[in-house]
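>
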Amino acid sequence: MANTSERTFWDYLADVSENHSPIDFVLIADHLDKFLYGTLVTLEITVLSLLIGGVLAIPLAIARAQRQRGLNGAILSFTYFFRGTPLLVQTYLFYYGLAQFEFIRESFLWAPILSKAWWCALIAFTLNTAAYTTEFLRGAIENTPRGEIEAARACGMSRLTLLWRIILPSAFRRALPAYSNEVIFMLHSSVVLSTITIQDILGVGRWLNGRYYLAYEGFITAMIFYMILVFIISRGFRWWENRWLAHLRPRPLLSTQ
Amino acid sequence: MPLKKLLLPLLTTIFMLSSAVTYAGDSLRVGVEGAYPPFSWKEADGTLKGFDIDFAHEVCKRLNKECVLVEQEWDGMIPALLARKFDTIIASMSITEERKKKVDFTVKYYNTPAMLVAKKNPGFDDTADGLKYKRVGVQRATTHQCSAEKLYPDAEIVLYATQEEVWQDLSTGRLDAQLSDSLQALEGFLKLDAGKGFDFLGGAIDDPQCQGIGAGFAVRKKDTTLRDALSKAIGDIRADGTYKTLNDKYFEIDVYGS
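Chains as they are written, first to last, in this note's numbering: chain G, -9 to 247; chain C, 40 to 297.
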């Protein structure tokens, strides 16, 4: 008896959606797989661009911090341009802008790379995050405590060893909080993907809205997915900071009683 | 000192602005798109032009109302109508069962078939098999998105916010084909320089479930008086010959359809 009168969770969801709620939960539940796939697309481009951009940023930041003649000005213009213009415009420039030129459409880069929205996005995102990372990493390198450097010199370290063993590890640690912001910013900015036909999380949300002429079901679902991702990322960074920045935490005073 | 002195004029301005919005007099707020030539497009100086726009002005005249055109991105058109940003949609919106769940429609004011467009002699045909693994572009939240996803299940359906972006990517070769209104395709792309080397692929799409029964004006479900007044205006425009004048300004064929 209990079995026949009991409603399953799905019946309940359908009833709420139809009669009590402005949001159609059943429609969202039916397309969760698409949202999960969109999450993979979002993460793929975000993570790849952060990795490549981060690796690019290290030599650029060192060159900037050491005021390398010639290089410094060029890198500064690069970071100034990419930090001074919106990512959306940069992405449009790579996707719609480059396609306007005949010689680009006929070049060997067109078919495998520049004709693909995925690659255009990856290039724009990578350069953008490289610019931001370069600047705060430069700040961290320049702020290395003088005592650390003097001590290393006194030990007879060469410039390269000094950079590799002392300056960079110390700078990375101090840049970590700023970097966690950059990662979250990049995730948020990745919604730009949906404007150049890529089915990322927001792209799937807009697809759902478009398919069923909805106002916000797709957006709210996308929002929840982004929130979950940000929660995981910020938790991850906090754990990382606790490990790496443990030496910077205020220590309990040793008191004698 | 200055803050308090500012407060009163500020509040007065806000009050006046808001009352100006609420008491817009006897006006009809019409949602239009502005990125769908020759039905509606935006001139460089910001004015809206096109068949839909002319039609809107003619209808307003007959209802004795002042036309307030409100531009709205296509994929937010129905939500914006429901949110009372405007009172009717005059934007080449097809009358379909799926949309009727959300809004009401007038009678149709034109009906032209949807067709595929691809490069001349593309090396594939317009069947589901021919379009397998091909990239087919459509504008998001259109009847064409519905048809493409249904008729070409193995194609990669690529979604765009505006039809103009679809044309852009078709002309640069990022898309193998696209599905849209045949008349818009002819006037808005194939006749232009960018459309050289492209042609229709196959015949008219036969998919009444997705494509509906022609384009009408959408209104909120409760606004039956407005709906009937608009339907009557469309009928009158068709009957007294005004339709032909509007039609011939843009098209060589009669777009009213059968």
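Beta carbons: idealized from backbone N, C-alpha and C, even for Gly.
Note that the structure is predicted; figures quoted are calculated from it, not measured.
When you compare the CB of T211/C with every CB in chain G, is at least one pair closer than 8 Å?
So, interface residue.
> Go through its chain and collect everything with a Cβ distance to R163/G's Cβ below 7 Å, but skip five positions before and after it.
W234, L235.
> What does the alpha-carbon distance come out to for the pair S57/C and A95/C?
Bear in mind that a pLDDT of 49 at S57/C, under 50, signals an unreliable position, so the number given afterwards is only what the model happens to contain. Those two C-alpha atoms are separated by around 25 Å.
> Could you work out which residue in A167/C, V109/C, L240/C, Y289/C is closest to P77/C when comparing CA atoms only?
When each option's Cα is compared against that of P77/C, the closest is Y289/C.
> What residue range is occupied by the uninterrupted alpha helix (DSSP H) comprising Y149/C?
No alpha helix (DSSP H) holds Y149/C; the beta strand (DSSP E) holding it covers 143 to 149.
> Relative to the C-alpha of L17/G, which candidate in E207/G, I222/G, A212/G has its C-alpha closest?
Answer by Cα proximity: E207/G.
> Can you find a C-beta in chain G that's less than 8 Å from the C-beta of E137/C?
For E137/C, the answer is yes, since a Cβ of chain G falls inside 8 Å of its Cβ.
> Could you list which residues in chain G have their beta carbon closer than 9 Å to that of I117/C, in chain order?
Neighbours of I117/C on chain G, chain order: Y203, L204, A205.
> Got a sec? Which residues, its chain only, sit under 6 Å from Y295/C by beta carbon, not counting five neighbours each side?
Taken in chain order, the residues that qualify are Y149.
> Could you give the distance in angstroms between the alpha-carbon of G134/C and the alpha-carbon of F15/G?
In the sequence as presented, Gly is not what sits at residue 134/C; that position holds Ile. Straight-line Cα distance between these residues: approximately 26 Å.
> Check whether the Cβ of S7/G lies closer than 8 Å to any Cβ atom in chain C.
For S7/G, the answer is no, since every Cβ of chain C falls outside 8 Å of its Cβ.
> In the DSSP assignment, what are the bridge partners of C185/C?
Its beta-bridge partners do not exist; DSSP assigns none.
> Can you name the residues of chain G whose CB is closer than 8 Å to the CB of K141/C?
In chain order: Y203.
> Does the segment 202 to 219 of chain G come within contact of the segment 46 to 55 of chain G, defined as at least 3 CB pairs closer than 8 Å?
Counting Cβ pairs under 8 Å, fewer than three are found: no touch.
> For K88/C, which three-state DSSP category applies?
Correct three-state label for K88/C: strand.
> Jot down the residue ranges of each uninterrupted alpha helix (DSSP H) in the segment 189 to 277 of chain C, minimum 4 residues, whole runs only, in chain order.
Counting whole runs of 4 or more residues, the segment 189 to 277 of chain C contains the alpha helix (DSSP H) stretches 202 to 210, 221 to 224, 247 to 250.
> For the segment 221 to 243 of chain C, which residues have a CB atom closer than 7 Å to at least one CB atom of chain G, in sequence order?
Residues passing the 7 Å Cβ filter: none.
> Are there 16 or more other CB atoms within 10 angstroms of the CB of R225/G, so buried, or fewer, so exposed?
The residue is exposed, with fewer than 16 neighbouring Cβ atoms inside 10 Å.
> Could you tell me if H183/C is buried or exposed, where buried requires 16 or more neighbouring beta carbons within 10 angstroms of its beta carbon?
It counts as buried.
> Counting only beta-carbon atoms, is W229/G nearer than 8 Å to chain C?
For W229/G, the answer is no, since every Cβ of chain C falls outside 8 Å of its Cβ.
> Going along the chain, which unbroken runs of the alpha helix (DSSP H) with 4 or more residues stay wholly within the segment 143 to 216 of chain G?
Whole alpha helix (DSSP H) segments, 4+ residues: 158 to 179, 191 to 202.
> Check whether the Cβ atoms of L269/C and V98/C sit closer than 8 Å, and answer yes or no.
Contact flag set, yes.
> How about the segment 195 to 203 of chain C and the segment 178 to 196 of chain G: do they share at least three Cβ pairs that are nearer than 8 Å?
With the cut-off at 8 Å, the segment 195 to 203 of chain C and the segment 178 to 196 of chain G touch.
> Determine, using beta carbons only, whether I281/G and E138/G come nearer to each other than 8 Å.
No information on residue 281/G is available, as it lies outside the stretch -9 to 247 that chain G covers here.
> Apart from the five residues just before and just after E105/C, which ones in its own chain have a Cβ nearer than 6 Å to its Cβ?
Only S66 meet the Cβ criterion.
> Residue range of the alpha helix (DSSP H) that E291/C falls in?
Note, E291/C: premise wrong, no alpha helix (DSSP H); not H, not E.
> Between which residues of its own chain and L40/G is the CB-CB distance below 7 Å, once the five residues before and five after are set aside?
Within the same chain, L40/G has close Cβ partners T119, V173, M176.
> Mind listing the chain C neighbours of T187/G? Cutoff is C-beta to C-beta under 9 Å, in chain order.
Within chain C, the residues near T187/G are G176, V197, L198, Y199, E204, D208, R213.
> On the criterion of 16 or more Cβ atoms from any shown chain inside 10 Å, does L222/C qualify as buried, or is it exposed?
Buried: at least 16 other Cβ atoms inside 10 Å.
> Could you check whether the Cβ of L218/C sits closer than 8 Å to any Cβ belonging to chain G?
It does not: the Cβ of L218/C has no partner Cβ on chain G nearer than 8 Å.
> Would you mind sorting I117/C into buried or exposed? The rule is 16 or more other CB atoms within 10 Å of its CB.
When all chains shown are included, I117/C counts as buried.
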